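A.B. asks:
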Amino acid sequence: MSIVLRATLLTTIVFLLSTCTDPVVPVYQFETGFILVEGRITDTPGYSEIRISRSELLFDNYTLSPELGATVSTISSDGEEVTWEQVGGTSAFRAPEDWVAEAGKSYSLRIITSQGEMVESEPEQLPTSVPMQNVRVEFEQEAYFSTGRNRFIPAFNLLVDVDDPPGEANFYQYRYTTYEMIDVCASCERSRWRDGVCIAGPGTNFVSRWDYLCDAACWVFSNSQDLNILSDEFSQGQRIEGIPAGRFDYSRPGGLLFDVQQYSTTAAAFAFNSTLKELADGSSGLNAPLPAALVGNLSDLSEKGTPVLGFVSVSSVSTERVYIDRESFGGTSLPYDGQIILEPVMPAPPVAPCEGGNRSRIEPEGWGG
Numbered sequence: 001m002s003i004v005l006r007a008t009l010l011t012t013i014v015f016l017l018s019t020c021t022d023p024v025v026p027v028y029q030f031e032t033g034f035i036l037v038e039g040r041i042t043d044t045p046g047y048s049e050i051r052i053s054r055s056e057l058l059f060d061n062y063t064l065s066p067e068l069g070a071t072v073s074t075i076s077s078d079g080e081e082v083t084w085e086q087v088g089g090t091s092a093f094r095a096p097e098d099w100v101a102e103a104g105k106s107y108s109l110r111i112i113t114s115q116g117e118m119v120e121s122e123p124e125q126l127p128t129s130v131p132m133q134n135v136r137v138e139f140e141q142e143a144y145f146s147t148g149r150n151r152f153i154p155a156f157n158l159l160v161d162v163d164d165p166p167g168e169a170n171f172y173q174y175r176y177t178t179y180e181m182i183d184v185c186a187s188c189e190r191s192r193w194r195d196g197v198c199i200a201g202p203g204t205n206f207v208s209r210w211d212y213l214c215d216a217a218c219w220v221f222s223n224s225q226d227l228n229i230l231s232d233e234f235s236q237g238q239r240i241e242g243i244p245a246g247r248f249d250y251s252r253p254g255g256l257l258f259d260v261q262q263y264s265t266t267a268a269a270f271a272f273n274s275t276l277k278e279l280a281d282g283s284s285g286l287n288a289p290l291p292a293a294l295v296g297n298l299s300d301l302s303e304k305g306t307p308v309l310g311f312v313s314v315s316s317v318s319t320e321r322v323y324i325d326r327e328s329f330g331g332t333s334l335p336y337d338g339q340i341i342l343e344p345v346m347p348a349p350p351v352a353p354c355e356g357g358n359r360s361r362i363e364p365e366g367w368g369g
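If you're matching positions, the sequence shown starts at 1 in the UniProt record's numbering and goes up one per residue.
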């Protein structure tokens with residue numbers, strides 16, 4: 001199997017095997033390392049993010065680890081260079097809060113790694129923004145069948161309408177972020193929460209679990225992994241209704257806030273994502289004959305010539321927030337453990353901090369409807 005083919009298969013796994021279907025992850029041997037870059041440059045604050053990972057060999061297996069210490073910047077067609085900041089020790093890099101891509105300009109990404117690679121993306125012009133219409137949530141008790149769980153899964157479907165602009169080719173990608181309120185910020189199996197960690201000690205051998213409440217109102221957020229894309233090839237200049245923008249399993253009751261995002265992308269980004277989707281959704285999955293090789297828009301210009309996988313898109317964003325009470329739809333959720341078991345100490349068990357990469361004490365805009 002060639003290096004290109006192996007890289008193609010790994011890219012498919014990384015991007016798409018955490019979707020609504022149950023993945024079966026094959027094992028491959030790789031003859032060379034590579035850098036994986038994915039993300040987007042946008043015209044909306046808070047939605048520009050790039051993730052950079054590097055393959056490495058650990059215990060005879062290749063894994064992806066965050067690329068630490070890289071210098072990341074965007075370069076516009078008028079020569080402006082803006083440096084992005086890495087988010088802690090993660091693979092994510094974000095643009096400055098007050099920076100956005102501007103209409104009429106093209107942008108490319110430049111990455112200088114700590115190992116000496118200089119990775120650049122091909123320039124893309126910011127597409128025209130197209131607003132979403134009639135964003136809504138519909139519930140389906142048997143939304144899809146999970147072979148891993150051997151049952152139908154109840155889920156909430158996100159649907160949107162679009163008034164497609166006439167006279168131009170438009171390409172769309174849909175993502176969403178969910179926000180939920182949580183009560184428990186730490187759980188300890190056969191241990192106690194002390195000084196920010198779970199510590200085993202006397203009297204914990206026969207404890208199944210103790211839960212510790214958050215020290216403040218706390219929200220947890222997560223980003224979708226679905227790949228939902230659309231071209232206006234067959235609906236040029238018309239209203240497109242009922243576009244699937246995402247699906248979220250009904251796994252527990254309570255309030256749920258969706259931040260629905262529509263990205264207007266370029267033809268090159270759509271072609272790349274179409275190939276990924278074809279690989280993941282083909283009738284025979286990853287065992288089907290491979291389509292044309294995945295070709296991203298990044299390359300290493302240094303003497304190292306390290307293979308670079310992935311795609312960095314330049315997109316305009318339309319967003320809409322929708323709040324729901326999951327129980328109001330009348331369906332039945334998946335089984336869940338809603339019991340909170342507090343440590344029996346006086347005067348009260350300690351609390352755990354609401355902090356971390358996907359938690360916030362700040363109430364999200366739109367919470368509660």
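Each residue gets a CB set at the ideal place from its N, CA and C atoms; glycine is no exception. None of the values given here were measured: they were computed from a predicted structure.
Please determine whether the Cβ atom of Ser114 lies at a distance below 7 Å from any heavy atom of the ligand NAD.
C.D. replies: This structure lacks the ligand NAD; in fact it carries no ligand of any kind.
A.B. asks: Can you give me the Cβ contacts of Ser360 inside the same chain, cut-off strictly under 6 Å, excluding the 5 residues immediately before and after it?
C.D. replies: Working through the sequence shown from its first residue, we reach residue 360 at position 360. Hits under 6 Å: Trp219.
A.B. asks: Counting only runs that start and end within the stretch 208-294, where is the beta strand (DSSP E) found for 3 or more residues in a row?
C.D. replies: Runs of the beta strand (DSSP E) inside the stretch 208-294: 210-223, 228-231, 239-249 and 255-265.
A.B. asks: Near Pro353, what residues of its chain come up, given a Cβ to Cβ distance below 6 Å and the 5 sequence neighbours on each side ignored?
C.D. replies: Mapped onto the sequence shown, residue 353 falls at position 353. Once the five neighbours on either side are set aside, the close Cβ partners of Pro353 are Asp215.
A.B. asks: Along the chain, which unbroken stretches of the beta strand (DSSP E) at least 3 residues long are found entirely within the stretch 38-82?
C.D. replies: Correct list: 49-58, 61-66 and 71-76.
A.B. asks: Helix, strand or coil for Arg136, going by three-state DSSP, please let me know.
C.D. replies: The residue you call residue 136 lines up with position 136 of the sequence shown. DSSP places Arg136 in strand when its eight states are reduced to three.
A.B. asks: Grab the span of the beta strand (DSSP E) containing Ala157 for me, first residue to last.
C.D. replies: Here residue 157 refers to the residue found at position 157 when the sequence shown is read from its first residue. Note that residue 157 corresponds to Asn in the displayed sequence, not to Ala. It spans Arg151 to Asp163 - the beta strand (DSSP E) in which Asn157 sits, taken as one unbroken run.
A.B. asks: According to DSSP, is Ser318 helix, strand or coil?
C.D. replies: In the sequence shown, residue 318 corresponds to position 318, counting from 1. If DSSP states are grouped into helix, strand and coil, Ser318 belongs with the strands.
A.B. asks: Determine the contact status of Asp43 and Ser129, defining contact as a CB-CB distance below 8 Å.
C.D. replies: If you number the sequence shown from 1, residue 43 lands on position 43. If you number the sequence shown from 1, residue 129 lands on position 129. Taking 8 Å as the Cβ cut-off, Asp43 and Ser129 qualify as a contacting pair.
A.B. asks: Starting from Arg194 and walking both ways along the beta strand (DSSP E), at which residues does that stretch end?
C.D. replies: Within the sequence shown, numbered from 1, the residue matching residue 194 stands at position 194. Per DSSP, Arg194 belongs to the beta strand (DSSP E) from Arg192 to Arg194.
A.B. asks: Where does the unbroken beta strand (DSSP E) through Glu120 begin, and where does it stop?
C.D. replies: The sequence position of residue 120 within the sequence shown is 120, counting from 1. From DSSP, the beta strand (DSSP E) with Glu120 extends over Met118 to Ser121.
A.B. asks: On a Cα-Cα basis, can you pick out the residue from Ser114, Pro96, Leu301 and Phe171 that is closest to Ser315?
C.D. replies: Residue mapping note: residue 315 aligns to position 315 of the sequence shown, counting from 1. Taking only the C-alpha atoms, the option nearest Ser315 is Phe171.
A.B. asks: Phe30 to Ser53, Cα distance in whole Å?
C.D. replies: Here residue 30 is taken as the residue at index 30 of the sequence shown, counted from 1. Here residue 53 is taken as the residue at index 53 of the sequence shown, counted from 1. Interpretation of Phe30 is limited by its pLDDT of 44, a score under 50 that renders its predicted location unreliable; the figure taken from the coordinates is listed afterwards. Roughly 16 Å separates the two Cα atoms.
A.B. asks: Along the chain, where does the beta strand (DSSP E) containing Thr177 start, and where does it finish?
C.D. replies: Indexing the sequence shown from 1 puts residue 177 at position 177. Start and end: Phe171 to Cys188.
A.B. asks: Would you list the one or two residues that DSSP bridges to Tyr107?
C.D. replies: Locating residue 107 in the sequence shown gives position 107, where the first residue counts as 1. Partner(s): Ser76 and Glu124.
A.B. asks: Once you ignore the five residues that flank Asn134 on each side, which residues in its own chain have a CB closer than 6 Å to its CB?
C.D. replies: The residue labelled residue 134 in the question sits at position 134 within the sequence shown. So the list reads Asp161, once near-sequence residues are dropped.
A.B. asks: Taking the beta strand (DSSP E) that Val197 falls in, what are its first and last residues?
C.D. replies: By 1-based counting over the sequence shown, the position of residue 197 is 197. Taken as a continuous stretch (DSSP letters only), the beta strand (DSSP E) holding Val197 covers Val197 to Ile199.
A.B. asks: Given Glu81, which residues of its chain have a CB within under 6 Å of its CB, disregarding the five upstream and five downstream residues?
C.D. replies: Position 81 of the sequence shown, counting from 1, holds the residue named residue 81. Around Glu81: Ser73 and Ile75.
A.B. asks: Looking only at its own chain, which residues have a Cβ that is under 6 Å from the Cβ of Gln173, when we skip the five neighbours before and after it?
C.D. replies: Numbered from its first residue, the sequence shown carries residue 173 at position 173. Only Ile229, Tyr263 and Thr265 meet the Cβ criterion.
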